[in-house]
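So the mapping is simple: our numbering equals the position in the sequence shown, first residue as 1, plus 293.
Only one structure is covered here, and it is reproduced in the block below.
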Amino acid sequence: MPDKADAPKATVFEFEPSEYADFYRENGYAHIPGGASAEFMRFALHFAESKIKTRGREELSDWQFKDKKLQFLMEFPDNCDYPNGLYRSVASVADLDVENMMIGERHIKIYEGNAPENPPPHKDRLASEITVGIGLKIPKNSRIVLYPEHELTVNPYQSAAQWRTSLDPEDLPEQVLAGVDPVEIDMRPGDVVMFAGNSIYHERTHPANAWVLYMKFNAMRLDPIAEDPKTLPQRQRSLALLAESSDVELLGMRVEVSPRLEKVSRHYTRQHWMEVLQGSILGEKKFTLSETEWAALRTLDDRNIEMSDLIARMGFPKQRAVTYVPFLRRLAKVGAIDVRD
Ligand SMILES: O=C(O)CCC(=O)C(=O)O
Ligand SMILES: [Fe+2]
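Structural data, given as structure tokens:
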């Protein structure tokens, strides 16, 4: 239990999560009218307005102005229950393990006046297991459309665009969902909407001039764009533990695949089709992986286990476990895994 002194003063959400869990489980989404607190709404609107005022379009990088909308990273006030209160509410509505929750995205989106009225529906990136929207300014006729019962394959990629590119023309959503009536949600300012964003096709109709805050959560320990406030400190801590611990000490520490590791690719070079394995982390140089390092990542999967356990699960002899620590050190150094206290 937190100390009284540092107990959060304000909550972002103001609803009882358990009241929405049954509906979410049965329908794949929840609409929570007035689910955001008045205090948070004042803060978020003010934050969005000040971002728009202080930043000219020319300063924006690619991801910040895309698909006819401006995007800003949402920053939360110090005296609110971000992120733990959000993890708890979302995990409780969607029946996920709160211990593994991450916030993989937290963007304010401001749609341009000429944004298209009926864009084709999309699926969010894999890390958006639960997509949570809060309406800030919503034009009268603008709606969220959702298809919670059709074409529910999870997008395994790291963007909506990669999913779309992976489809044959006849499998595009505008083909496979033609004739299906979507659920339409009128998310008014202050309302909260949650749905399985990486599997349910969704979009906003008549979005011109809408302002929304979208936060994407998962219990898969994924954070490819490093927007969870704990992701980069975990990496820093991992590097410190590596520097200050002996191989024997490391054996007793827990490891997990880095939330930032986007993918591992295997490709075949024209040098007699020699195979190459590469790991990718956004914004960093790719790194080469050996087959043994790859086996370690596959064995770890989404687990968080002690290094000694990982070595045993890989089939290496227990008595010589310490001799395998150096290759795991290298995996941690390149950022493919994190060592945790
Ligand atoms: O504007 C909306 O309500 C939808 C936004 C959305 O789909 C997203 O942020 O992924
Ligand atoms: Fe989306």
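Where is the CB? At the ideal position from N, CA and C, for every residue including glycine.
Where Lys626 sits in the DSSP three-state scheme: In this structure, Lys626 counts as helix in the three-state DSSP scheme.
beta-carbon His495 near ligand 1 non-hydrogen atom, thresh 7 Å: His495 Cβ: within cutoff of ligand 1.
Glu422 versus Arg381: straight-line alpha-carbon distance, rounded: Separation of Glu422 and Arg381 (C-alpha to C-alpha, rounded to the nearest whole angstrom) is 15 Å.
Option in Gly406, Gly426, Ala408, Asn407 with minimal Cα separation from Ile396: Of the listed residues, the one whose Cα sits closest to Ile396 is Gly426.
Start and end residues, beta strand (DSSP E) containing Ser270: Past the boundaries of the shown model lies residue 270; the chain is included only from 294 to 634, so the question cannot be answered.
C-beta contact flag for Leu621 and Ala588 at 8 Å: At the C-beta level, Leu621 and Ala588 stay beyond 8 Å of one another.
Close-in-space but distant-in-sequence residues of the same chain around Leu535 (CB under 7 Å, 5 per side omitted): Here the set comprises Arg622, Ala625, Lys626, Val632.
CB-CB length for Gln564 against Leu582, believed under 8 Å: Rounded to whole angstroms, the Cβ separation of Gln564 and Leu582 is 18 Å, and the two are not in contact under 8 Å.
Spatial distance of Arg318 from Arg547 (CA atoms): Each residue's alpha carbon lies about 33 Å from the other.
Touch test, the region 335 to 342 against the region 432 to 440, Cβ-Cβ under 8 Å, three pairs minimum: Contact fails: fewer than three Cβ-Cβ distances are below 8 Å.
Within the region 342 to 424, ranges of the alpha helix (DSSP H) (whole runs, at least 4 residues): Counting whole runs of 4 or more residues, the region 342 to 424 contains the alpha helix (DSSP H) stretches 377 to 387.
Nonlocal neighbours in the same chain, by C-beta distance under 8 Å from Glu312, ignoring five residues either side: Answer for Glu312: no residue qualifies.
Buried versus exposed call for Tyr561 [16 or more other C-beta atoms within 10 Å across all chains shown]: By the neighbour-count rule (16 or more Cβ atoms within 10 Å), Tyr561 is not buried but exposed.
Span of the beta strand (DSSP E) around Val438: Looking at the DSSP string, the run of the beta strand (DSSP E) that includes Val438 is 436 to 440.
Heavy atom of ligand 1 within 7 Å of Asp417 beta-carbon: Yes; taking the cut-off as 7 Å, the Cβ of Asp417 has a heavy atom of ligand 1 nearer than that.
Segment contact, 8 Å Cβ cut-off, at least three pairs: the region 501 to 509 with the region 443 to 459: Cβ pair count under 8 Å is below three, so no.
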